[in-house]
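Numbering (numbering that gives the first Met the number 0), first residue to last: 0 to 565.
All C-beta atoms in this analysis are idealised placements derived from N, C-alpha and C, irrespective of residue type, glycine included.
Below is one structure, written out as structure tokens; comments come after it.
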Amino acid sequence: MTRGLRRRLTSYGDQDFSLFLRKAFIKAMGYSDDALDRPIVGIANTYSDYNPCHGNVPQLIEAAKRGVMLAGGMPMVFPTMSIHESFASPTSMFLRNLMAMETEELVRAQPMDSVILIGGCDKTIPAQVMAAASSEVPAIVLPTGPMDTGSHRGERLGACTDCRRIWAQYRADQIDADEVAEINGKLASSVGTCTVMGTASTMAALMEAMGLSLPMAGSASATSSERMRLAEETGRAAVAMTETGLTTAEVLTPAALRNGLVTLQALGGSTNAVVHLAAIYGRLGKKLDMAEFDAIGQKVPVLVDLKPTGTGYMGEFHAAGGVPRLLSELTDLLDLAAPRAFGGTLGDTIGTLPARYETQIIRPRTAPISPAGAIAVLSGNLAPRGAVIKHAAADPKLQVHEGRAVVFDSVRDMTERLDDPSLDIAADDVLVLRNAGPKGAPGMPEAGYIPIPRHLARQGVKDMVRLSDARMSGTAFGTVVLHITPESADGGPLAAVRTGDRIRLDVPNRRLELLISATELAARMAALPAPPPSPPRGYAQLYDRHVTQADDGLDFDFLMAAKDHG
Ligand code: FES
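This is the structure:
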């Protein structure tokens, strides 16, 4: 096999000249022939001044390079896109596929025998794994790690469940503008990813469970010396992978993918992970079976007591033993023979655990947070291809609920009318948001966590049934039905709901129904206006023409592998 600098030569019609030219140029960087004859480990640099979740990437790169060189390899750092949740308009999801495409093509175009993918903020690890799944280069993920917590008047704070909780208190006049401004400087007290079991922590944990990152790499603090040692160890592992490494598609066997689904439910993880896993399945020519995911959820207990479903932060999860400890509680539900990118099996990950001393943050099976998993899959005439609800983070009293629909036609409509004192709305109504899906918004914003209307919040209302074709931040909570598929802007019946209709949510029976007749629904659907034309140019046009629905992970149709139904 062609290796190192000889790999993937630029085409000039003369391979020897191509190598001669490549060496001549790269020697300008001061490298010796000895260095250039080593196996090459690419390191994806996702540092950006716009991405505080990746603020430690320069230090991680230095540590990973050290590990590569100690193991006899040659590290080559290359830049890729970086996406932060708060610095991506219209949404970070809109850009995820662009990052996946760029990463895939740079890993393919440049000579490297393995690659370290440094990611962290919500969309970056998914984009990188989608890229790796479509690439033949062995890959290992190095998460940036969670941020540290801060405190305010004796209370611990961490982004970003507390961001939403504090803002809800401000909207309800429970804290004033001065205090909310003071808290603003304390919510993200260091670089690193959100320190609850949001999307970033969920995806980092799944990397361990699916064999794509080293044990404990999903949870060690972004600012810790342990994180740097994990980076060095990742560098060493990546050199070994240049000889023996499996491709990501070989690591992500059906067993590994299923292990990911089990872990997601046991974590009380983010609903966004369902979308990202569906996209990764698609890259492998498979379809995420939502019915199977729901069935797994009915068997797998929630064992992790972290916000937003519980009380703790990522620091406690790491101290309690992190993902290996969690997996050790699930051995009968996992396939321990699933491979790891860096060698061995998932069984090896949990084979050397120290004795358990903690039982609150990672619960034993005998004392779960909840006997069933975190996320349920709903269907019905409002969601023909499914919807999800993180019922572990919802008010138990609202899980079977019938109410009057109050419809918002877009995120903008919701923003303009939600707090209008003249809005006719009561606590037992059902808030409906549409045109917030993959195409409609576009970019499927995290707008599904519709705020409680201000005048109801002031009366003490903390949760209402809310439903939409949008997503929700993994750090959010409430009785929020998400990812209604197909979306309203792509022929979904959500488009036909009218204010005043009755809607019934029944989580135990997994149903979501608009209580009108099939004839009436068909007549309303037939009367809907034609969708607007695609944007006139550029990435927005590419996105609009090719983005898939939530059940296919919002990947572009031309990036998915041919289905093998395996
Ligand atoms: Fe980056 Fe939360 S904003 S992980």
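Which whole-angstrom value describes the C-beta separation of residue i and residue j, a residue pair presumed to lie in contact below a C-beta threshold of 8 Å?
i	j	result
T233	C120	18 Å between Cβ atoms; not a contact.
A221	S188	Rounded, the Cβ-Cβ distance is 11 Å, inconsistent with contact.
Y538	L97	6 Å
C52	T143	6 Å
D293	A375	6 Å
H151	I115	Contact doesn't hold; Cβ gap of about 37 Å is too wide.
T344	P338	6 Å
A63	P78	About 15 Å; that fails the 8 Å criterion.
P110	L4	5 Å
F434	D408	One point to set straight first is that residue 434 is Asn, not Phe, in the sequence displayed. Their Cβ separation, rounded to whole angstroms, is 6 Å, which keeps N434 and D408 in contact under 8 Å.
R65	E231	5 Å
A219	H317	6 Å
R510	G379	5 Å
A99	M129	4 Å
Q548	P437	6 Å
A237	I117	Not a contact, Cβ separation roughly 11 Å.
What does residue i pair with, by DSSP beta-bridge criteria?
i	result
E401	R503
L430	V405, R465
S369	V301
F16	Paired residue(s): none; F16 is not in a bridge.
A236	Its beta-bridge partners do not exist; DSSP assigns none.
L511	L504
V546	F555
S200	Answer is none; S200 lacks a bridge partner.
T344	P338
I388	A375, V480
I25	Its beta-bridge partners do not exist; DSSP assigns none.
I39	M73
T192	P145
S150	R155
Buried or exposed: residue i, going by 16 or more other Cβ atoms within 10 Å of its Cβ?
i	result
G565	With a pLDDT of only 42 at G565, under the threshold of 50, the placement of this residue in the model should not be trusted; the figure read from the coordinates follows. Exposed, by the Cβ-count rule.
T9	exposed
E135	exposed
R501	exposed
T474	buried
S224	exposed
T247	buried
D551	buried
L352	exposed
S472	buried
F24	exposed
R362	buried
D468	buried
P420	exposed
L377	buried
N508	exposed
So what's residue i in DSSP terms, helix, strand or just coil?
i	result
M289	helix
L553	coil
R155	strand
G565	Caution applies to G565, whose pLDDT of 42 falls short of 50 and renders its modelled position unreliable; the value that the coordinates give is listed next. Coil.
V114	strand
L141	strand
Q44	According to the sequence as given, residue 44 is Asn; it is not Gln. Three-state DSSP puts N44 in a strand.
V76	strand
D383	The displayed chain sequence assigns Pro, not Asp, to residue 383. Here P383 sits in strand by DSSP.
S85	helix
G311	strand
G350	coil
T243	helix
G473	coil
I60	helix
I361	strand
I279	helix
I124	helix
N183	helix
A393	coil
R497	coil
T9	coil
M129	helix
E519	helix
H209	Note that residue 209 corresponds to Met in the displayed sequence, not to His. Coil.
Pocket of the ligand FES (residues with CB nearer than 5 Å to any heavy atom), chain order: C52, E84, C120, T192, C193, A199
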